[in-house]
Amino acid sequence: MAIEGHSDTVNSAVLIPKEDGVITVSEDRTIRVWLKRDSGQYWPSIYHTVSCEYGCFESLRRRVMGTTCLNEFLISEDFNKMSHVKTYPAHQNRVSDMVFSLESEWVVSTGHDKSVSWMCTQSGSMLGRHYFTAWASCLQYDHETQHAFVGDYSGQITLLKLEKQTYSTITTLKGHEGSIAALWWDPVQRLLFSGAADHSVIMWDIGGRKGRTLLLQGHHERVQAIRFLQLTRQLLSCSADGGIAVWNMDTQREEAPQWLDSDSCQKCEQPFFWNIKQMWDSKTLGLRQHHCRKCGKAVCGKCSSKRSTFPIMGFEFPVRVCDACFDTIKEEDRTALATFHEGKHNIAHMDMDPSRGLMVTCGSDRIVKIWDMTQVVGCSLATGFSPR
Numbered sequence: 001m002a003i004e005g006h007s008d009t010v011n012s013a014v015l016i017p018k019e020d021g022v023i024t025v026s027e028d029r030t031i032r033v034w035l036k037r038d039s040g041q042y043w044p045s046i047y048h049t050v051s052c053e054y055g056c057f058e059s060l061r062r063r064v065m066g067t068t069c070l071n072e073f074l075i076s077e078d079f080n081k082m083s084h085v086k087t088y089p090a091h092q093n094r095v096s097d098m099v100f101s102l103e104s105e106w107v108v109s110t111g112h113d114k115s116v117s118w119m120c121t122q123s124g125s126m127l128g129r130h131y132f133t134a135w136a137s138c139l140q141y142d143h144e145t146q147h148a149f150v151g152d153y154s155g156q157i158t159l160l161k162l163e164k165q166t167y168s169t170i171t172t173l174k175g176h177e178g179s180i181a182a183l184w185w186d187p188v189q190r191l192l193f194s195g196a197a198d199h200s201v202i203m204w205d206i207g208g209r210k211g212r213t214l215l216l217q218g219h220h221e222r223v224q225a226i227r228f229l230q231l232t233r234q235l236l237s238c239s240a241d242g243g244i245a246v247w248n249m250d251t252q253r254e255e256a257p258q259w260l261d262s263d264s265c266q267k268c269e270q271p272f273f274w275n276i277k278q279m280w281d282s283k284t285l286g287l288r289q290h291h292c293r294k295c296g297k298a299v300c301g302k303c304s305s306k307r308s309t310f311p312i313m314g315f316e317f318p319v320r321v322c323d324a325c326f327d328t329i330k331e332e333d334r335t336a337l338a339t340f341h342e343g344k345h346n347i348a349h350m351d352m353d354p355s356r357g358l359m360v361t362c363g364s365d366r367i368v369k370i371w372d373m374t375q376v377v378g379c380s381l382a383t384g385f386s387p388r
């Protein structure tokens with residue numbers, strides 16, 4: 001089901017709980033509440049024009065994010081009226097993400113002013129702010145521990161412990177080679193998932209306290225939305241080219257190895273091109289360095305001429321492996337642990353209601369799509385999808 005009507009990029013679309021409805025915010029400076037009519041079509045019951053572009057909406061029928069401030073709105077029970085409640089002067093530049101915590105009575109937000117701020121929803125006052133070295137791009141918040149996970153444009157994720165009037169930096173997670181575009185926190189398993197401009201997804205096992213990470217590579221463009229389904233242990237990720245991946249996380253996966261450094265091929269011992277001394281001594285030309293994705297060793301092109309998928313390490317399409325590792329990979333090791341589907345539009349944001357099996361996507365093509373995901377939640381192919 002497609003919803004059309006916006007005249008510019010739709011930055012966010014969320015499903016209304018227990019209602020056949022969607023709330024959208026757009027660069028065309030409108031906030032719209034779409035309800036499903038008897039005809040089966042979605043029509044706006046609220047069409048609210050605002051003074052600036054809006055980037056995101058936080059559920060619970062209220063709180064919309066503006067360019068540099070947060071505006072709180074209250075939507076009536078019949079979804080026909082929206083009234084302004086409060087404005088929070090949160091940032092000096094565009095707001096990128098926000099979370100409303102009913103338990104803390106806080107609203108936590110990130111922005112392109114390189115900061116995360118947290119404010120009291122009762123008084124509207126600023127409680128604290130922390131600055132980063134790069135634009136803060138996305139945010140997740142654990143209500144129970146008051147931990148905030150903030151992704152930024154440098155590719156780092158910072159874990160902060162927020163308190164009234166103060167905060168402390170717990171750790172910084174480094175693993176992506178591109179800006180962080182999406183985060184998802186699962187408080188039950190205490191797992192953090194991140195999607196980035198390097199086309200990859202990483203699962204960080206925060207609860208395990210052993211630094212375990214899993215790399216998932218199956219997208220061909222920037223990963224911009226992710227969602228973990230706790231009941232079925234599936235991870236959904238969406239990329240800018242419309243690719244939708246459904247990852248089976250209910251299986252034993254292995255960590256991809258760290259890449260090793262060497263001045264010569266760790267298989268044939270031929271020197272790499274910067275190893276001038278060995279090149280001179282052996283009277284040979286230096287070779288380019290590559291890495292085997294399975295063992296992590298530094299190898300030359302001749303010793304790593306083979307390609308293979310290796311889903312247990314998250315490699316769903318063929319990657320470089322050394323000849324020795326290639327011979328150890330059995331056919332059953334190549335069995336896919338993810339399915340890939342085509343959303344057929346740019347996906348900048350995604351929301352899901354697992355209880356109804358519904359997903360909504362939106363992006364720069366100004367179209368909002370509602371998907372029946374009941375078959376995906378049941379570990380099969382989703383209705384309305386076409387395989388890639």
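For the sequence shown, position 181 (counting from the first letter as 1) is numbered 181 according to full-length UniProt numbering, and the numbering increases by one without interruption. Even for Gly, the Cβ is constructed at its ideal location relative to N, Cα and C.
State the CB to CB distance for the pair E254 and M203, rounded to an integer number of angstroms; the pair is presumed to be in contact (CB under 8 Å). One-based indexing of the sequence shown puts residue 254 at position 254. One-based indexing of the sequence shown puts residue 203 at position 203. With a Cβ gap of about 12 Å, E254 and M203 do not count as contacting.
Please go through the same chain and pick out, in chain order, the residues whose beta-carbon is closer than 6 Å to the beta-carbon of R63, but skip the five residues on each side of it. Within the sequence shown, the letter at position 63 stands for residue 63. Per-residue confidence for R63 stands at a pLDDT of 48, beneath the threshold of 50, marking its modelled position as unreliable; no derived number is given.
Every unbroken beta strand (DSSP E) within the UniProt repeat "WD" (340-373), with a cutoff of 3 residues, ordered by chain: You should have 349-353, 358-362, 368-372.
Just reading off the alpha helix (DSSP H) that T328 is part of, what are its end residues? Start at 1 with the first residue of the sequence shown, and residue 328 comes out as number 328. In the DSSP annotation of this structure, the continuous segment of the alpha helix (DSSP H) that includes T328 starts and ends at 323-328.
Quick one: measure Cβ to Cβ for T369 and H345, integer angstroms, because I've assumed they're closer than 8 Å. Stepping through the sequence shown from its first residue, residue 369 is reached at position 369. Stepping through the sequence shown from its first residue, residue 345 is reached at position 345. As written in the sequence, residue 369 is Lys, which differs from the Thr given in the question. Confirmed, Cβ separation roughly 7 Å.
Proximity below 7 Å, CB of C138 to CB of L183: Your numbering for residue 138 matches position 138 in the sequence shown. Your numbering for residue 183 matches position 183 in the sequence shown. Going by C-beta atoms, C138 is nearer than 7 Å to L183.
Can L127 and K174 be called in contact, C-beta distance under 7 Å? Mapped onto the sequence shown, residue 127 falls at position 127. Mapped onto the sequence shown, residue 174 falls at position 174. Against a cut-off of 7 Å, the Cβ pair of K174 and L127 comes out as no contact.
With 16 other CB atoms within 10 Å as the buried threshold, where does D152 fall? By 1-based counting over the sequence shown, the position of residue 152 is 152. Classification for D152: buried.
Thinking C-beta only, is T171 closer than 7 Å to L160? Within the sequence shown, numbered from 1, the residue matching residue 160 stands at position 160. Within the sequence shown, numbered from 1, the residue matching residue 171 stands at position 171. Contact flag unset, no.
Please look up how many angstroms separate the CB atoms of G211 and E342, rounded, as I've assumed it's under 8 Å. The residue labelled residue 211 in the question sits at position 211 within the sequence shown. The residue labelled residue 342 in the question sits at position 342 within the sequence shown. That pair is no contact at about 35 Å.
Every unbroken alpha helix (DSSP H) inside the segment 90-127 [4 residues or more]: Annotation note: the segment 90-127 contains no uninterrupted alpha helix (DSSP H) run of length 4 or greater.
DSSP beta-bridge partners of T24: To locate residue 24, count along the sequence shown from 1; it is residue 24. T24 pairs with A13, R32.
For the 8 Å Cβ check, are there 3 or more pairs between the segment 285-299 and the segment 252-272? Yes: at least three Cβ pairs fall under 8 Å.
Which runs of the alpha helix (DSSP H) at least 4 residues long sit entirely within the segment 196-284? Give them in chain order. Counting only runs of 4 or more, we get 276-282.
Strand pairing of P44, partner residues [DSSP]: As a first step, residue 44 is located in the sequence shown; it is residue number 44 there, counting from the start. Paired residues: W34.
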